[in-house]
Amino acid sequence: MADTRMTVSMGPQHPSTHGVLRLELVLDGETVVKAIPDIGYLHTGMEKTMEKEKWQQVVTITCRMDYLNSMGNDLGYCLAVEKLMGVEVPERAKVLRVLLTELNRLASHLVWFGTHAMDIGAMTGFFYAFTERERILDIFENASGARLHQSYFIIGGTRWDVPDNFIPQVKEFLDGFPKFLDECKRLVTGNKIFQRRTKGVGVISKEDAIDWALSGPTIRGSGVNWDIRKSEPYSGYDTYDFDVPVYDGCDVWSRYLVRMDEFHESWKICCQALERLKTPGSVKSDHPKLQLPERDLMKQHIDVMIHHFLLASEGFTVPVGEVYQSIESARGEIAYYVVSDGGERPYRVRVRTPSYVNLSALPAMVEGSLIADVVAVIGSIDIVLGDVDR
Amino acid sequence: MHPSRYADASLIRTKFADTIEEIIEAIGEVTLVAKREGLVELMTFLRDEPSLKFNYLSDIGGVDLGEFASPRFAVAYQLYSLEHNHRLRVKVFLEEKDANLPTMWNIWKASNWLEREIYDMFGVNFEGHPDQRRILMPADYEGYPLRKDFPIKGY
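Chains as they are written, first to last, in the numbering used here: chain E, 1 to 390; chain B, 1 to 155.
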């Protein structure tokens with residue numbers, strides 16, 4: 001009997017491959033016998049570039065890696081360097097970091113919601129989700145001046161305080177969000193076609209999910225109750241009231257439910273952070289080497305002027321050492337392994353990106369299923385190719 | 001800082017005295033500096049011992065200590081225990097002429113792409129890896145981009 005197997009390339013231009021992912025699929029009829037992911041088309045060389053930038057400049061690179069979760073990426077890096085330096089961040093900066101990172105999680109999940117539903121054939125949710133995401137990007141623009149690559153968090157705090165109209169703007173958004181979320185759920189969650197395309201699809205057991213080191217909603221959809229905001233809290237997450245959604249279906253549907261619940265939990269955190277933001281305070285650490293001096297002082301004292309000049313032109317140094325700092329990004333564990341040789345530039349910054357590790361388990365999820373299911377599974381992992389190919 | 005975040009290294013020290021060269025505790029993190037010989041046994045123990053249970057391989061990171069350094073490369077395994085919520089770093093130093101390590105594929109499946117990436121970026125060979133190919137660079141690419149003597153703009 002003749003061999004009926006066929007090898008096809010899915011991507012890198014296929015819309016459901018979310019950028020530049022190429023999958024080499026060996027098919028028997030419509031069944032996937034083997035899947036070989038082929039990544040590496042971006043060639044951004046970000047880890048290499050980081051070694052050539054000053055410590056502070058690296059945040060302009062980290063926010064471009066996972067461009068849908070820029071705030072979280074910057075936060076992880078800043079926390080790592082602050083840990084190496086022993087720098088304490090003021091309370092207001094911590095609150096701002098939590099608020100903006102959670103808003104970014106909402107924005108990132110909105111892109112996932114829209115594109116995942118669209119991959120499976122539902123178009124309307126995409127427009128709903130992107131309209132709502134625009135409101136969050138407006139908030140980012142108001143706070144930092146940039147919509148996508150904010151670089152708003154700096155080592156020792158935030159770049160500057162938020163403007164006066166920031167709190168009303170965020171409040172207006174948060175007030176309207178639950179209604180929007182209900183609409184989204186009504187639109188997709190109850191849809192029979194969506195359920196049949198996702199239930200029992202792309203199954204990865206709890207044991208395999210741990211073995212493949214999956215993280216974020218992907219591992220929580222396999223019944224593992226693990227969230228770094230709870231297990232190793234940072235930026236005061238242990239003082240916020242929120243739950244960790246976990247589903248044990250181990251399939252695309254479970255991962256969908258986890259993220260839909262996470263919308264609500266992040267919204268809860270944002271509401272609490274917004275209340276705390278009403279208390280004024282400093283947003284920068286008082287570490288003398290980290291912050292540019294006040295402009296008025298600079299005009300009066302030559303030594304302050306010299307300090308400003310040195311900090312702007314040479315940057316600052318970080319003590320010799322190494323550190324591994326991980327945080328819970330929208331996609332899972334993003335971690336920075338930072339090595340310092342005591343210089344004014346990082347000796348090595350290794351980034352553990354969640355999309356990269358989660359994607360490595362894709363063959364284990366899709367082999368044996370139908371080719372149409374591959375699209376649903378990729379969407380359920382919520383990869384960002386900038387996060388996969390650093 | 002979370003009180004149970006970092007593993008107690010004393011049990012490992014007594015059990016693997018020949019494999020472990022040094023235990024470093026700094027900034028609240030524990031690093032085991034291990035020899036390549038006995039690494040697989042050490043890692044298997046770290047995964048299986050009930051009081052440690054490092055069942056989650058978070059990451060593997062390579063560091064080039066410079067073209068004139070001896071040993072030249074360091075490879076750092078970041079381990080995590082989902083059960084005990086503690087972390088540990090195992091670090092192995094390698095000479096450039098003998099940049100070989102055993103694969104961790106049979107211990108944690110997550111090592112597959114992480115090891116491929118270190119092979120791709122530093123030229124460290126992982127013996128027994130099921131599919132050791134370049135992962136980010138093209139198959140016919142020459143050189144290892146994350147080595148310190150690799151120019152930032154390429155050759």
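Glycine included, C-beta positions come from ideal geometry on N, C-alpha and C.
Note that the structure is predicted; figures quoted are calculated from it, not measured.
Q: Can you check the segment 305-382 of chain E for any alpha helix (DSSP H) of at least 4 residues that lies completely inside it and give the ranges in chain order?
A: Fully contained in the segment 305-382 of chain E are the following alpha helix (DSSP H) runs of length 4 or more, in chain order: 354-360, 362-366, 371-381.
Q) Which residues bound the beta strand (DSSP E) around Arg147 of chain E? A) Numbered from 1 along the first sequence, position 147 holds the residue referred to as residue 147 of chain E. Careful: Arg147 of chain E lies outside any beta strand (DSSP E) and carries neither H nor E.
Q. If the cut is a Cβ gap below 9 Å, which residues of chain B does Ala273 of chain E touch?
A. Numbered from its first residue, the first sequence carries residue 273 of chain E at position 273. Within 9 Å Cβ-Cβ: nothing; Ala273 of chain E doesn't reach chain B, min ~21 Å.
Q: Rounded to whole angstroms, what's the CA-CA distance from Leu187 of chain E to Ile193 of chain E? Just pull it up for me.
A: The residue given as residue 187 of chain E occupies position 187 in the first sequence. The residue given as residue 193 of chain E occupies position 193 in the first sequence. Their Cα atoms are separated by approximately 12 Å.
Q) The alpha helix (DSSP H) spanning Gly114 of chain E covers which residue range? A) Taking the first sequence and counting its residues from 1, the one referred to as residue 114 of chain E is at position 114. Going by DSSP, Gly114 of chain E is part of the alpha helix (DSSP H) stretching over 91-120.
Q) Does the Cβ of Asp382 of chain E have 16 or more other Cβ atoms within 10 Å, making it buried, or fewer, making it exposed? A) Position 382 of the first sequence, counting from 1, holds the residue named residue 382 of chain E. Answer is buried; the Cβ neighbour count reaches 16.
(Q) Let me confirm a value: Ile269 of chain E is counted as buried when at least 16 other C-beta atoms fall within 10 Å, else exposed. Which label applies? (A) What you label residue 269 of chain E is simply residue 269 of the first sequence in a count that begins at 1. Burial of Ile269 of chain E is indicated by the presence of at least 16 other C-beta atoms within 10 angstroms of its C-beta.
Q) Between the C-alpha atoms of Gln169 of chain E and Ile139 of chain E, what's the straight-line distance to the nearest angstrom? A) In the first sequence, counting from the first residue as 1, residue 169 of chain E sits at position 169. In the first sequence, counting from the first residue as 1, residue 139 of chain E sits at position 139. So the alpha carbons of these two residues sit roughly 7 Å apart.
Q) From Ser235 of chain E to Leu100 of chain E, what does the alpha carbon distance come to, in whole angstroms? A) Sequence index remark: in the first sequence, residue 235 of chain E carries index 235 (1-based). Sequence index remark: in the first sequence, residue 100 of chain E carries index 100 (1-based). Between Ser235 of chain E and Leu100 of chain E, the C-alpha separation is close to 12 Å.
Q. From the beta carbon of Ser355 of chain E, is the nearest beta carbon of chain B less than 8 Å away?
A. Position 355 of the first sequence holds residue 355 of chain E. It does not; no Cβ of chain B falls within 8 Å.
Q: Provide the residue span of the beta strand (DSSP E) that contains Phe242 of chain E, from first to last.
A: As a position in the first sequence, residue 242 of chain E is number 242, starting the count at 1. Phe242 of chain E -> no beta strand (DSSP E), and no H or E assigned at all.
Q: Report yes or no: do three or more beta-carbon pairs, one from the segment 331-339 of chain E and one from the segment 350-359 of chain E, lie closer than 8 Å?
A: By the Cβ criterion, the segment 331-339 of chain E is in contact with the segment 350-359 of chain E, since at least three pairs of Cβ atoms, one from each stretch, lie closer than 8 Å.
**Q.** Secondary structure, alpha helix (DSSP H): runs of 4+ residues fully inside the segment 189-245 of chain E
**A.** Runs of the alpha helix (DSSP H) inside the segment 189-245 of chain E: 192-198, 206-211, 217-220, 228-231.
Q) Is it buried or exposed for Arg133 of chain B, if we count other Cβ within 10 angstroms and need 16 for buried? A) Residue numbering aside, residue 133 of chain B sits at position 133 when the second sequence is read from its first letter. Exposed, because fewer than 16 other Cβ atoms sit within 10 Å of the Cβ of Arg133 of chain B.
**Q.** Boundaries of the alpha helix (DSSP H) in which Ala99 of chain B is found, first to last residue
**A.** The sequence position of residue 99 of chain B within the second sequence is 99, counting from 1. Run containing Ala99 of chain B: none; DSSP gives neither H nor E here.
Q.
Please list the terminal residues of the continuous beta strand (DSSP E) segment that includes Asn125 of chain B.
A. Locating residue 125 of chain B in the second sequence gives position 125, where the first residue counts as 1. Asn125 of chain B -> beta strand (DSSP E) spans 125-127.
Q: Could you check the C-alpha separation between Thr17 of chain E and Cys250 of chain E for me, to the nearest Å?
A: In the first sequence, counting from the first residue as 1, residue 17 of chain E sits at position 17. In the first sequence, counting from the first residue as 1, residue 250 of chain E sits at position 250. Taking C-alpha positions only, Thr17 of chain E is separated from Cys250 of chain E by approximately 21 Å.
Q: Measure the alpha-carbon distance for Pro3 of chain B versus Arg47 of chain B and round it to whole angstroms.
A: Counted from its first residue, the second sequence places residue 3 of chain B at position 3. Counted from its first residue, the second sequence places residue 47 of chain B at position 47. Because the pLDDT of Pro3 of chain B is 42, which lies under 50, any placement of that residue in the model is unreliable, and the number read from its coordinates should be weighed accordingly. Taking the straight line from one Cα to the other gives about 21 Å.
Q. Quick one: what's got a C-beta closer than 6 Å to Val366 of chain E's C-beta in the same chain, skipping five residues either side?
A. For this step, residue 366 of chain E is matched to residue 366 along the first sequence. Val32, Ala35, Val374, Val377, listed in sequence order.
(Q) Would Asp48 of chain B pass as an interface residue toward chain E - the criterion being a Cβ-Cβ separation below 8 Å? (A) Here the question's residue 48 of chain B lines up with position 48 in the second sequence. Among the residues facing chain E, Asp48 of chain B is not included, as its CB has no counterpart in that chain under 8 Å away.
Q: Thinking Arg350 of chain E and Glu53 of chain E are a contact (beta carbons under 8 Å), I'd like their distance in whole angstroms, please.
A: Locating residue 350 of chain E in the first sequence gives position 350, counting from the first residue. Locating residue 53 of chain E in the first sequence gives position 53, counting from the first residue. Wrong, their Cβ atoms sit about 15 Å apart, outside the cutoff.
Q: Using only alpha-carbon positions, find the residue among E:Thr44, E:Arg331, E:Val318 that is nearest to Val258 of chain E.
A: Indexing the first sequence from 1 puts residue 258 of chain E at position 258. Nearest of E:Thr44, E:Arg331, E:Val318 to Val258 of chain E, Cα basis: E:Arg331.
Q: Could you pull out every unbroken alpha helix (DSSP H) segment of at least 4 residues lying fully inside the segment 21-75 of chain E, listed in chain order?
A: Segments of the alpha helix (DSSP H) lying fully in the segment 21-75 of chain E: 46-50, 59-65.
Q) Taking the alpha carbon of Val318 of chain E as the point to measure from, which residue in E:Gln300, E:Tyr347, E:His307 has its own alpha carbon closest? A) Counted from its first residue, the first sequence places residue 318 of chain E at position 318. The option with the nearest alpha carbon to Val318 of chain E is E:Tyr347.
Q. DSSP beta-bridge partners for Gln78 of chain B?
A. The residue given as residue 78 of chain B occupies position 78 in the second sequence. In the DSSP output, where bridge partners are listed per residue, Gln78 of chain B has B:Asp59, B:Arg89.
Q | Assumed close pair Ile20 of chain B, Leu39 of chain B - CB separation to whole angstroms, cut-off 8 Å | A | As a working note, residue 20 of chain B is residue 20 in the second sequence. As a working note, residue 39 of chain B is residue 39 in the second sequence. About 10 Å separates the two Cβ atoms, so there is no contact after all.
**Q.** Contact with chain E by Leu101 of chain B, beta-carbon distance below 8 Å
**A.** Working through the second sequence from its first residue, we reach residue 101 of chain B at position 101. For Leu101 of chain B, the closest Cβ of chain E is not nearer than 8 Å.
(Q) Please report the straight-line C-alpha distance between His307 of chain E and Pro293 of chain E, rounded to a whole angstrom. (A) For this step, residue 307 of chain E is matched to residue 307 along the first sequence. For this step, residue 293 of chain E is matched to residue 293 along the first sequence. Here the C-alpha atom of His307 of chain E lies approximately 8 Å from the C-alpha atom of Pro293 of chain E.
Q. Taking the alpha-carbon positions, what's the Leu311 of chain E to Asn100 of chain B distance?
A. Counting from one through the first sequence, the residue named residue 311 of chain E turns up at place 311. Counting from one through the second sequence, the residue named residue 100 of chain B turns up at place 100. When the Cα atoms are used, Leu311 of chain E and Asn100 of chain B turn out to be separated by approximately 42 Å.
Q: Take Ile135 of chain B and list the residues in its own chain whose beta-carbon comes closer than 7 Å to its own, dropping the five residues that flank it on each side.
A: Here residue 135 of chain B refers to the residue found at position 135 when the second sequence is read from its first residue. Non-local C-beta neighbours of Ile135 of chain B in its own chain, meaning closer than 7 Å and more than five positions away in sequence, comprise Trp113, Arg116, Glu117, Asp120, ordered along the chain.
Q. Looking at the structure shown, is His2 of chain B part of a helix, part of a strand, or coil, going by DSSP?
A. Looking up residue 2 of chain B in the second sequence gives position 2. Bear in mind that the predicted position of His2 of chain B carries a pLDDT of just 46, short of 50, making it unreliable; the figure below should be weighed with that in mind. Looking at His2 of chain B - three-state DSSP - the assignment turns out to be coil, as it is neither helix nor strand.
Q) Val339 of chain E touches chain B at which residues, Cβ-Cβ below 7 Å? A) Position 339 of the first sequence, counting from 1, holds the residue named residue 339 of chain E. Going along chain B in sequence order, the residues near Val339 of chain E (Cβ under 7 Å) are Val63.
Q. Given a limit of 7 Å on CB to CB distance, which residues of the segment 102-132 of chain B reach chain E?
A. Shown in chain order are the members of the segment 102-132 of chain B whose Cβ falls below 7 Å from a Cβ of chain E: Trp108, Lys109, Ala110, Asn112, Trp113.
Q) Which residues, taken in chain order from the segment 313-324 of chain E, show a beta carbon closer than 7 Å to some beta carbon of chain B? A) Listed by position along the chain: Gly321, Val323, Tyr324.
Q.
In the DSSP assignment, the beta strand (DSSP E) including Met43 of chain B goes from what residue to what residue?
A. Taking the first residue of the second sequence as 1, we reach residue 43 of chain B at position 43. Run containing Met43 of chain B: none in the beta strand (DSSP E); it sits in the alpha helix (DSSP H), 39-48.
Q: Under 7 Å Cβ to Cβ from Phe263 of chain E, same chain only, skipping five residues before and after it: list those, please.
A: As a working mapping, residue 263 of chain E is identified with position 263 in the first sequence. If we look at Phe263 of chain E and ignore the five residues flanking it on each side, its Cβ neighbours are Leu106, His109, Leu181.
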